[in-house]
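In this note's numbering, the protein residues as written are 395 to 835.
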Amino acid sequence: MTNSMEIKPASGKLGVLLPGLGAVSTTFIAGVEAVKAGIGKPIGSLTQMGTLRLGKRNEQRDSKIKDFVPLYDLENLVFGGWDIFAEYPDCYSAAVNAGVLEQTLLDQLKEPLSEIKSMPAVFNQKYVKNLNPTRIKDVTSHRDAIDALRTDIRNFKEVNNLERAVMVWCGSTETFQAPDSNIFEDLSSFEKALDDNNPSILPSVLYAYAALHEGVPYANGAPNLSADFPAMYELSHKLKVPIAGKDFKTGQTLMKTILAPGLKARMLGIEGWFSTNILGNRDGEVLDDPESFKTKEVSKLGVLEQILKPEENPDLYGDLYHKVRINYYPPRGDDKEGWDNIDIRGWLNYPMQIKIDFLCKDSILAAPIVLDLALFMDLAARSGKYGIQEWLSFYFKSPTCKPDLYPLHDLFVQKNKLENTLRDLMGEDLITNLGLDYYDE
Ligand SMILES: NC(=O)c1ccc[n+]([C@@H]2O[C@H](COP(=O)([O-])OP(=O)(O)OC[C@H]3O[C@@H](n4cnc5c(N)ncnc54)[C@H](O)[C@@H]3O)[C@@H](O)[C@H]2O)c1
Numbered sequence: 395m396t397n398s399m400e401i402k403p404a405s406g407k408l409g410v411l412l413p414g415l416g417a418v419s420t421t422f423i424a425g426v427e428a429v430k431a432g433i434g435k436p437i438g439s440l441t442q443m444g445t446l447r448l449g450k451r452n453e454q455r456d457s458k459i460k461d462f463v464p465l466y467d468l469e470n471l472v473f474g475g476w477d478i479f480a481e482y483p484d485c486y487s488a489a490v491n492a493g494v495l496e497q498t499l500l501d502q503l504k505e506p507l508s509e510i511k512s513m514p515a516v517f518n519q520k521y522v523k524n525l526n527p528t529r530i531k532d533v534t535s536h537r538d539a540i541d542a543l544r545t546d547i548r549n550f551k552e553v554n555n556l557e558r559a560v561m562v563w564c565g566s567t568e569t570f571q572a573p574d575s576n577i578f579e580d581l582s583s584f585e586k587a588l589d590d591n592n593p594s595i596l597p598s599v600l601y602a603y604a605a606l607h608e609g610v611p612y613a614n615g616a617p618n619l620s621a622d623f624p625a626m627y628e629l630s631h632k633l634k635v636p637i638a639g640k641d642f643k644t645g646q647t648l649m650k651t652i653l654a655p656g657l658k659a660r661m662l663g664i665e666g667w668f669s670t671n672i673l674g675n676r677d678g679e680v681l682d683d684p685e686s687f688k689t690k691e692v693s694k695l696g697v698l699e700q701i702l703k704p705e706e707n708p709d710l711y712g713d714l715y716h717k718v719r720i721n722y723y724p725p726r727g728d729d730k731e732g733w734d735n736i737d738i739r740g741w742l743n744y745p746m747q748i749k750i751d752f753l754c755k756d757s758i759l760a761a762p763i764v765l766d767l768a769l770f771m772d773l774a775a776r777s778g779k780y781g782i783q784e785w786l787s788f789y790f791k792s793p794t795c796k797p798d799l800y801p802l803h804d805l806f807v808q809k810n811k812l813e814n815t816l817r818d819l820m821g822e823d824l825i826t827n828l829g830l831d832y833y834d835e
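Right, here's the structure in full:
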């Protein structure tokens, strides 16, 4: 929802607050520092490298996105975050521990990374069973936890002299929590549940609540519930702060949302899609707990159903068998290997197969998403947008949208929506690709 098309300038500095200083966050921060130092390129980031078309094809007005919309420069980003480990109190030690980037690169960035200290987290091991915290906040109630997080946010802004801030959840995947209890349905029930210390309210929800109350846009990079329930939508409207989620779309699901729309466009049938991964980082360790895996599984499974719409195409997708597995396999660290076997059907129902073996680096794929989300969420706030930012579905496996809508998963539909939103913000014509007027005599 837009209040006004007037966009506040990207003045001063923007704080990027990250609950969870693990593999993704540290790869993101180190990457930005590397780009600033001229020793790396922001590959994978739409805000830094993307272009978009403006106007008619014969006008040749294509622009870099960052020249078209007013975004903060990398030079004006300031990073902060929370984590549960006293052993890795700053971004440098956490990045070394994550083991994603080469030590030689991290050593070149040691100075700025060491200055970024993590704050003690709000954490409850009940919801992330496979991690043993060594430094968390000493709070006894949800309200105390929220107050402590709000104080952290305010101090962070003050100490760093920040004009604005955004928060992107990069913490571990918490155990599955369906938004089916009535405490999530509306804001007054939810606030009462906060007062009562209701155990269904997970730490990531408290971070989201604290952020919104500080006027800080909140995006969720994990599949946890966090900000994805009606009471939080209501709060984001009441306080006029943007929210977005959830679960960064990186490896296998990225491939799925590229390939499935293509197969469907050609009316090729799909009988089965079996996806399995091996992953050895801490995220893999957390997902080894069946209750955390369940959160991820739900996030990953919805994608094909929405793209293929089996009910509209029973001959092509009526019997679709979709399976997703994640296996924790420590030797691979962050170098995930994802296999897909796709059983497809062609003319006269003749069977064929597609195999994908994606040897990817999980955090390398996620880092540019964190950057884009931080910059675009702030742009949304400066443009007077609030509530669910569905135009950022492009970045998520399980995009949050209004409850009476279905999410858009097709990567190209998502990209079109994102680009048209930027055009709309800047008062440019939307691009429909109808193009009839080119042929008018
Ligand atoms: N890397 C990807 O491709 C990708 C894709 C989609 C989603 N994700 C999600 O992003 C999140 C981060 O992934 P990662 O690889 O960096 O994992 P990670 O385990 O390396 O980092 C997560 C960090 O969060 C911390 N943490 C857990 N609970 C916390 C809390 N309540 N407050 C503060 N810190 C907390 C952990 O201590 C850990 O350091 C995970 O939830 C993951 O599922 C990652």
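Backbone N, C-alpha and C fix where the C-beta goes; we use that ideal spot for every residue, glycine too.
Quantities reported herein were computed from a predicted structural model and do not represent experimental measurements.
Subject >> Residue nearest to Ser419 in terms of C-alpha spacing, selected from Gly778, Glu665 and Gly565 >> reply: As a working mapping, residue 419 is identified with position 25 in the sequence shown. Checked all of Gly778, Glu665 and Gly565; the closest Cα to Ser419 is Gly565.
Original post:
Mind checking whether Leu765 and Phe788 have CB atoms under 7 Å apart?
Top reply: Walking along the sequence shown from the start, residue 765 turns up at place 371. Walking along the sequence shown from the start, residue 788 turns up at place 394. Contact: no.
Original post:
At which residues does the beta strand (DSSP E) containing Gly678 begin and terminate?
Top reply: Translated into positions along the sequence shown, residue 678 becomes position 284. Segment Arg676 to Leu681 is the alpha helix (DSSP H) holding Gly678; no beta strand (DSSP E) there.
Subject >> Span separating the alpha-carbon of Gly434 from that of Glu427 >> reply: Counting from one through the sequence shown, the residue named residue 434 turns up at place 40. Counting from one through the sequence shown, the residue named residue 427 turns up at place 33. Those two C-alpha atoms are separated by around 9 Å.
**OP:** Check whether the Cβ of Phe642 lies closer than 6 Å to any heavy atom of ligand 1, and answer yes or no.
**Re:** The count along the sequence shown starts at 1 and reaches residue 642 at position 248. Yes - ligand 1 has a heavy atom lying nearer than 6 Å to the Cβ of Phe642.
Original post:
For Thr842, which residues of its own chain have a beta-carbon under 8 Å away from its beta-carbon, when the five flanking residues on both sides are left out?
Top reply: Any property of residue 842 remains undetermined from this structure, which presents the chain solely from 395 to 835.
Original post:
Just to check, is the beta-carbon of Pro597 closer than 6 Å to a non-hydrogen atom of ligand 1?
Top reply: Residue mapping note: residue 597 aligns to position 203 of the sequence shown, counting from 1. Yes.
Original post:
Can the beta-carbon of Ile748 be found less than 7 Å from the beta-carbon of Ile664?
Top reply: The residue labelled residue 748 in the question sits at position 354 within the sequence shown. The residue labelled residue 664 in the question sits at position 270 within the sequence shown. No.
Original post:
When the Cβ atoms of the region 631 to 651 are set against those of the region 483 to 495, are three or more pairs found closer than 8 Å?
Top reply: no
Original post:
Between Val472, Thr421, Lys450 and Glu585, which lies nearest to Gly406 when the distance is taken from Cα to Cα?
Top reply: Along the sequence shown, one-based indexing puts residue 406 at 12. Comparing Cα positions, the closest option is Val472.
**OP:** Between the Cα of Gly444 and those of Leu819, Lys809, Tyr833 and Asn827, spot the shortest distance and give me the residue it belongs to.
**Re:** If you number the sequence shown from 1, residue 444 lands on position 50. Nearest of Leu819, Lys809, Tyr833 and Asn827 to Gly444, Cα basis: Lys809.
Subject >> Bounding residues of the beta strand (DSSP E) (the contiguous stretch that carries Ser341) >> reply: Given that the chain is displayed from residue 395 to residue 835, the structure contains no residue 341 and the question cannot be resolved.
Original post:
Are the region 511 to 519 and the region 536 to 548 touching, with three or more C-beta to C-beta distances below 8 Å?
Top reply: yes
Subject >> DSSP beta-bridge partners of Ser457 >> reply: If you number the sequence shown from 1, residue 457 lands on position 63. Answer by DSSP bridge pairing, in chain order: Leu446.
Subject >> Same chain only: Cβ atoms within 8 Å of Glu557, ignoring 5 sequence neighbours per side >> reply: Taking the sequence shown and counting its residues from 1, the one referred to as residue 557 is at position 163. Answer for Glu557: Ser405, Gly406, Lys407 and Leu408, listed in chain order.
Subject >> Sequence-distant residues of its chain with Cβ nearer than 6 Å to Ser398 (five each side left out) >> reply: By one-based count along the sequence shown, residue 398 stands at place 4. Caution applies to Ser398, whose pLDDT of 42 falls short of 50 and renders its modelled position unreliable; the value that the coordinates give is listed next. Hits under 6 Å: Gly778.
Original post:
Do Tyr603 and Glu568 have their CB atoms nearer than 7 Å?
Top reply: As a first step, residue 603 must be located in the sequence shown, where it is residue number 209. As a first step, residue 568 must be located in the sequence shown, where it is residue number 174. Against a cut-off of 7 Å, the Cβ pair of Glu568 and Tyr603 comes out as no contact.
**OP:** Please name the residue, chosen from Lys450, Val807, Val463 and Cys485, that lies closest to Gly656 on a Cα-to-Cα basis.
**Re:** Here the question's residue 656 lines up with position 262 in the sequence shown. Comparing Cα-Cα distances from Gly656 to each of Lys450, Val807, Val463 and Cys485, the minimum goes to Val807.
**OP:** Could you tell me the boundaries of the alpha helix (DSSP H) in which Lys658 lies?
**Re:** Within the sequence shown, residue 658 is the residue found at index 264, counting from 1. Counting along the chain, the alpha helix (DSSP H) containing Lys658 begins and ends at Gln646 to Ala659.
**OP:** Check each candidate in Leu695, Phe550, Arg447 and Ser792 and name the one with the smallest Cα separation from Trp667.
**Re:** Taking the sequence shown and counting its residues from 1, one reaches residue 667 at position 273. The shortest Cα separation from Trp667 among Leu695, Phe550, Arg447 and Ser792 belongs to Leu695.
**OP:** Compute every distance between the C-beta of Gly414 and the non-hydrogen atoms of ligand 1, then say whether any falls below 6 Å.
**Re:** Taking the first residue of the sequence shown as position 1, residue 414 is located at position 20. Yes.
**OP:** Return yes when at least one heavy atom of ligand 1 lies under 6 Å from the C-beta of Ile577, else no.
**Re:** Counted from its first residue, the sequence shown places residue 577 at position 183. Proximity of the beta carbon of Ile577 to ligand 1 is not indicated: no heavy atom of the ligand is located closer than 6 Å.
Original post:
To the nearest angstrom, how far is it from the Cα of Lys755 to the Cα of Asp590?
Top reply: Your numbering for residue 755 matches position 361 in the sequence shown. Your numbering for residue 590 matches position 196 in the sequence shown. Whole-angstrom Cα-Cα distance: 42 Å.
Original post:
Going straight from the alpha carbon of Thr826 to that of Lys450, what length do you get?
Top reply: Start at 1 with the first residue of the sequence shown, and residue 826 comes out as number 432. Start at 1 with the first residue of the sequence shown, and residue 450 comes out as number 56. Taking the straight line from one Cα to the other gives about 11 Å.
Original post:
When burial is assigned at 16 or more other CB atoms within 10 Å of the CB, is Met746 buried or exposed?
Top reply: For the purposes of this step, residue 746 is identified with residue 352 of the sequence shown, where counting begins at 1. Exposed, because fewer than 16 other Cβ atoms sit within 10 Å of the Cβ of Met746.
Original post:
Taking the runs of the alpha helix (DSSP H) that are 4 residues or longer, which of them lie wholly in the region 462 to 520?
Top reply: 485 to 492, 497 to 502 and 504 to 508
Subject >> Distance, Lys796 Cα to Asp823 Cα >> reply: Here residue 823 refers to the residue found at position 429 of the sequence shown. Here residue 796 refers to the residue found at position 402 of the sequence shown. When rounded, the distance between both Cα atoms is 25 Å.
Original post:
Going by Cα to Cα distance, which pick from Phe462, Pro801, Pro636 and Asn721 is closest to Asn814?
Top reply: For the purposes of this step, residue 814 is taken as the residue at position 420 of the sequence shown. Closest option to Asn814, Cα to Cα, is Phe462.
Subject >> Straight-line gap, Gly674 to Tyr832 (C-alpha atoms, nearest Å) >> reply: In the sequence shown, residue 674 corresponds to position 280, counting from 1. In the sequence shown, residue 832 corresponds to position 438, counting from 1. Cα to Cα, the separation comes out at about 53 Å.
**OP:** Specify the secondary structure class of Val610 as computed by DSSP and reduced to three states.
**Re:** Locating residue 610 in the sequence shown gives position 216, counting from the first residue. It is coil, neither helix nor strand.
**OP:** Only counting runs of 4 or more residues, tell me where the alpha helix (DSSP H) segments fall wholly within the region 524 to 576, in order along the chain.
**Re:** 536 to 553
Subject >> Residues that Asp737 bridges to, as DSSP identifies them >> reply: Here residue 737 is taken as the residue at index 343 of the sequence shown, counted from 1. According to DSSP, Asp737 bridges with Gly666 and Gln747.
Subject >> First through last residue of the alpha helix (DSSP H) which encompasses Tyr627 >> reply: Counting from 1 along the sequence shown, the entry for residue 627 is found at position 233. Note, Tyr627: alpha helix (DSSP H), Pro624 to Lys632.
Subject >> Close Cβ partners of Tyr723 (< 6 Å) along its chain, the five nearest in sequence each way excluded >> reply: Residue numbering aside, residue 723 sits at position 329 when the sequence shown is read from its first letter. Closer than 6 Å at Cβ, skipping near neighbours: Ile672 and Gly674.
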